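The structure under discussion appears below in the form of structure tokens.
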Amino acid sequence: MQQYYSMVLIIKFFLLLSLFTFCQGKNTNTWEEEYPFIKNASSFSSVAKIKEYDYIIVGGGTAGCPLAATLSRNFKVLVLERGGVPYGNKNTSLKNFHINLADTSPNSPAQLFVVEGVFNVRPRILGGGSSINAGFYSRPSLRSLMELGLDPKLAYKSYPWVEKQIVQWPVLNPWQSAIRSALLQVGITPDNGYSYEHLYGTKIGGTIFDKDGIRHGAAELLKSANPKNLDVLIRATAQKIVFDQSSGKPRAVGVIFKDENGEQHEAILSNYNKSEVILSSGAIGSPQLLLLSGIGAKAELEQMNISVVLNNQFVGKGMADNPQNNLIVPFNRLVAQSLVQTVGITREGVYIEAIVRKWKV
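Going by the numbering used here, the residue at position 345 of the sequence shown is 356; the numbering climbs one at a time, nothing skipped.
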């Protein structure tokens, strides 16, 4: 009898071990399995059966990803993203934050450019800036919403949807604690503690890095999408918007793009009366695509041999970046790495923040 019970225990043990191994396997899905709607642009074919979309979003960044996820609940959506994916990319982590920014290769997630001697980068990766930036999260001010013509009530309904999926409170390290104390000491008050809100004074904001330093950017919001209604093409570089001008008033009907092999394709909008091409390619990419599509100052377009679709002298004009002053403080010992956690917001419009990269001098 004792031998029988011993055999039963051994069998149960192996069953549990097999179940444990099976469960572990279920948690190791590749990003291709988790996001089956994301494919290389070369998989798109204009020759095969034409697929139409209610919305075509150019740019899968911090705006494009959540927009695609929510629109796909009820509509057919296509996202065109010129970069690759952040999933599994170790260089998007907290530890390797600087590597992407220093990468000047042709396919770097952070595209380097220089204007008037000032170095800067443009995101070239699904998730946009949220895949390469310092990961600090804060809600905009009410004034900013009003200036953009947005409905504050709708905006405040949207915030929790993002925050529950990718934002968390940081564990304040000694360096950030010291910065917080210093800001308060010099009069950047009041002390607002932990807050997502845009408040004058000193506060600890949210972060999209988890406790292990893994980044959770806007690309992860695509988990909320309806996979049956969404196609995301990576390494798809938009060339121009296609317009129907037969009625006298230009109407976007599609987008021409090139895949990773340089082959050209055309994505077409459906006959849905509210179908749109939505530009979410950033402050530089969006006006650039408008100009390439024939929307801009007539004289400048003609000079570049671009057919004029709509004469608009303001496209691509009046652009400016926020001024930034950097103060570099060397340490004679190792200090724990940290990106932005604490921020001082002054009434004069100045933002004070600090990061630490592990250097030893």
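Even for Gly, the Cβ is constructed at its ideal location relative to N, Cα and C. From a predicted model like this one, the values you see are computed outputs, not experimental measurements.
| request: Would you decide whether F33 is buried or exposed? Buried here means 16 or more other CB atoms lie within 10 Å of its CB. | output: At F33 the pLDDT is 41, less than 50, meaning the model places this residue with poor confidence; the figure from the coordinates comes in the next sentence. F33 is exposed by the Cβ-count criterion.
| message | So within the stretch 78 to 155, which uninterrupted beta strand (DSSP E) runs reach at least 3 residues, ignoring any that extend past its ends? | response | 88 to 92, 121 to 126 and 129 to 134
| request: Per DSSP, which residues does T218 bridge with? Please list them. | output: F147 and Q179
| With respect to the beta strand (DSSP E) encompassing G265, which residues constitute its N-terminal and C-terminal limits? | R262 to K269
| said: Please list the terminal residues of the continuous beta strand (DSSP E) segment that includes A278. | reply: Q275 to L280
| task | Could you name the residues that DSSP lists as bridge partners for N51? | result | I245
| field | Proximal residues to G146 (C-beta, below 7 Å), its chain only, five neighbours per side dropped | value | T218, I219, F220, R226 and L350
| field | Where the beta strand (DSSP E) containing G70 begins and where it ends | value | Premise fails: G70 is in no beta strand (DSSP E) and is neither H nor E.
| task | Note down, one range per segment and in chain order, each beta strand (DSSP E) of at least 3 residues found wholly within the stretch 308 to 366. | result | 353 to 356 and 362 to 364
| Distance, Cα to Cα, L345 vs F108? | 17 Å
| field | Proximal residues to E274 (C-beta, below 8 Å), its chain only, five neighbours per side dropped | value | S53
| task | Report the rounded CA-to-CA distance for G204 versus R191, giving the unit in angstroms. | result | 10 Å
| query | When DSSP labels each residue in this structure, what does S288 get in the three-state scheme? | reply | With the sequence shown as reference, residue 288 is identified as Val, and Ser is not the correct amino acid for it. V288 falls in the strand class under three-state DSSP.
| request: Flag this pair as yes or no: are the beta carbons of I49 and I289 separated by less than 9 Å? | output: no
| task | Leaving aside the five residues before and after P97 along the sequence, list all residues of the same chain whose C-beta is less than 8 Å from its C-beta, in chain order. | result | T103, P120, I136, L137, G138, S142, R226, G228 and A230
| query | What are the partner residues of I306, as DSSP defines its beta bridges? | reply | L321
| field | Inter-residue CB distance, S83 and L241 (contact presumed, cutoff 8 Å) | value | 4 Å
| request: State the beta-bridge partners of T200 as determined by DSSP. | output: DSSP output for T200 lists no bridge partner at all.
| Span separating the alpha-carbon of I279 from that of N51 | 18 Å
| said: Going by C-alpha to C-alpha distance, which of G71, G72 and A79 sits closest to Y64? | reply: A79
| Which value, in whole angstroms, describes the spacing of the CA atoms of I306 and E92? | 21 Å
| Where do the ends of the alpha helix (DSSP H) carrying E45 lie? | W42 to E45
| query | How about I245 and G95: do their beta carbons lie closer than 9 Å? | reply | yes
| task | Just tell me which of E158, A263, S188 and T115 has its CA closest to the CA of K367. | result | In the sequence as displayed, the identity of residue 367 is Val instead of Lys. Out of E158, A263, S188 and T115, S188 has the C-alpha closest to the C-alpha of V367.
| said: For R262, which residues in the same chain have their Cβ closer than 7 Å to its Cβ, ignoring the five residues on either side in sequence? | reply: F254 and D255
| Under 9 Å between the Cβ atoms of G71 and S257? | no
| query | According to DSSP, what are the bridge partners of R226? | reply | F220
| Looking only at its own chain, which residues have a Cβ that is under 6 Å from the Cβ of S206, when we skip the five neighbours before and after it? | K214
| request: Take S297 and list the residues in its own chain whose beta-carbon comes closer than 6 Å to its own, dropping the five residues that flank it on each side. | output: L290
| field | Proximity of S169 and G216 at Cβ, strictly below 9 Å | value | no
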